[in-house]
Amino acid sequence: MSKTKIDLVNSALILVGDNPITSLDDQTTQALVANTVLEDLIEAELFETRWRFASQTTTTSFIPSITHPTGLGVFQIPSNTIRVWNVLERGRSVLGEWEMEGDKLLIDADSNSVISVDRTVEPPVGNWPPHFRMSVIYGLASVFALALTENENKSKMLLAAGDTYRRKARAQDGGQSSPRVLNTGQMMSARRGARSG
127 MSKTKIDLVN SALILVGDNP ITSLDDQTTQ ALVANTVLED LIEAELFETR WRFASQTTTT
187 SFIPSITHPT GLGVFQIPSN TIRVWNVLER GRSVLGEWEM EGDKLLIDAD SNSVISVDRT
247 VEPPVGNWPP HFRMSVIYGL ASVFALALTE NENKSKMLLA AGDTYRRKAR AQDGGQSSPR
307 VLNTGQMMSA RRGARSG
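Residue numbering for the sequence shown follows my numbering, beginning at 127 and increasing consecutively.
And the structure:
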């Protein structure tokens, strides 16, 4: 079972009929290709879907030294954030506008606000569900097939297999919790407030 990034790389290399490497620092074409695409491939896979195994809710920090021209409050997003899915104030979804500007969150809030973000991070490979891990392995194998063997047909076949694993991973990830109930009361309150104001 692939529990580290080098294990992912070696599994992908074996799929294309190549020999495993001992380190990502090897002076080989395989290691060079892996170092070039591995992190981007993993980040792209994590960015695409709101995976439960890669989700965290984290409190942000207000940055008093930065004043945004729009007058919005500026909050620091944690450095290992791949994607922000939702913004919460004191545990409730923010219904107003917010936007990302680099690693900063802009929102109508100040230092008295407790602002959190639902975000995607990269968990250790050992914590990845098996079908997600296989989708990354097959995606990497597709890159290896093209870069190392120039076999476009094999690359397409491996990419298709990776897509199948990704769909299975999504289906399994979606079944990891009970269905979420839409909080219509919060929306109605915001709507009434907008009408009366």
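Even glycine gets a Cβ: it sits at the ideal position worked out from N, Cα and C.
Item	Value
Cβ neighbours of residue 282 in the same chain (closer than 8 Å, five flanking residues each side left out)	268
CB contact flag (residue 142, residue 310, <9 Å)	no
Rounded straight-line distance, which links the Cα of residue 199 to that of residue 235	5 Å
Buried/exposed call for residue 322, threshold 16 Cβ in 10 Å	Any reading at residue 322 must be qualified, since the residue scores a pLDDT of 41, below 50, and its modelled position is unreliable; no value is offered.
C-beta contact flag for residue 184 and residue 240 at 9 Å	no
Cross-strand partners of residue 225 (DSSP beta bridge)	232
For residue 269, the first and last residue of its enclosing alpha helix (DSSP H)	256 to 275
Exposure label - residue 145; buried when at least 16 CB within 10 Å	exposed
Nonlocal neighbours in the same chain, by C-beta distance under 6 Å from residue 163, ignoring five residues either side	269
Secondary structure of residue 244, DSSP reduced to three states	strand
Meets three-Cβ-pair contact criterion under 8 Å: the stretch 153 to 162 and the stretch 256 to 264	no
Spatial neighbours of residue 192 in its chain, beta-carbon cut-off 6 Å, leaving aside the 5 residues before and after	200
Own chain partners of residue 154 with C-beta closer than 7 Å, once the 5 adjacent residues on each side are dropped	147
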